[in-house]
Amino acid sequence: MTQATTPQPAADASNTLVQFGIAEVSYLLSLGKSEGSARSREALKINDQYFSTAMVGAGASSLLARGFASVTGDDIDLTGPSQMLAYAFGTAQRWTEMALLGTEEVEAALYLQAPGISVFLQPAALGVWAALFKLPEASDADMLKLIIDTKLSSDAKSALYFGSTALTGEERKLFVRHDESDAWSTAWVTDPNAAPNVTLTSTAGLMATLAELSPAIRIDA
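The numbering used here numbers the first residue of the sequence shown as -18 and each following residue consecutively.
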């Protein structure tokens, strides 16, 4: 199989969801050999069967067919969202697993941070992953707040759990719920054997808490 090139892409993200099939995600993950790439694969919890030669090849073919990649000689050149996602997978330094705790269901998602790029990933039906890239002018706290607001717009009584792990091994765990008084309830989990300390805060306070949960990854990091 030809090899893909994954240079740092231009930050041209938009607030548009991009759908990637499981084979496409497997192909993009297979390109990286770094610790960050291995941790991205682990965080996405994709079964090893999806990294077979046939599956990875199908992913490359699908990206080519969709115009998310092109062939130059013996190389596959990724473009647009596929280039951004491959770069994020390979250079990721922080992974924030999310549990969107609704009144009737629990939804899983992942927020991945790399130098210059952050992306929200959520599994959907038939092995499809929805990807939403952070706008360059937005902060990571802005992006997480957008995710919270989107979830609460359909289920105002839900809560969200965030489990953030950095490449350094640092871990942070946080619960967030919107209080009926229009305040926010936040709770850091520092001891799994003790009840979390719940704090009522304003929207500005929530933004500061989210910034602490997932600090920005500098491009020169």
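C-beta: ideal position from N, C-alpha, C; glycine also.
G40 and S51 have their alpha carbons spaced roughly 13 Å apart. Rounded to the nearest angstrom, the gap between the Cα atoms of E85 and L141 is 14 Å. In this structure, W165 lies near G186, with their beta-carbon atoms less than 8 Å apart.
For the 8 Å CB-CB criterion, E78 and A122 do not form a contact. Looking at S162, R153, S33, K26, the one whose alpha-carbon comes closest to that of P173 is R153. Burial of A73 is indicated by the presence of at least 16 other C-beta atoms within 10 angstroms of its C-beta. By the neighbour-count criterion, in which a residue is buried when 16 or more other Cβ atoms sit within 10 angstroms of its Cβ, V87 is exposed. In the DSSP assignment, D58 falls within the unbroken beta strand (DSSP E) covering 56 to 59. Boundaries of the beta strand (DSSP E) around A95: 87 to 95. Shown here for L125: same chain residues with a beta carbon closer than 6 Å to its own, the five before and five after excluded, namely L191 in chain order. Taking a contact as a CB-CB distance under 8 Å, the pair L181 and D160 counts as one, their CB atoms being some 6 Å apart. Residue S99 holds the alpha-carbon nearest to the alpha-carbon of E118 among S99, T60, G83, L91.
For Y68 and L44, the gap between their C-alpha atoms comes out near 15 Å. K126 is not bridged by DSSP to any residue.
With a cut-off of 8 Å on Cβ pairs, the segment 27 to 34 is not in contact with the segment 53 to 60, counting fewer than three such pairs. Secondary structure note for T184: its alpha helix (DSSP H) is the uninterrupted segment 184 to 194. Y142: member of the beta strand (DSSP E) spanning 140 to 147, first to last residue. Short of 7 Å from the beta carbon of F70, and not among the five residues preceding or following it, lie these beta carbons of its own chain, in chain order: L9, L10, G13, S18, S21.
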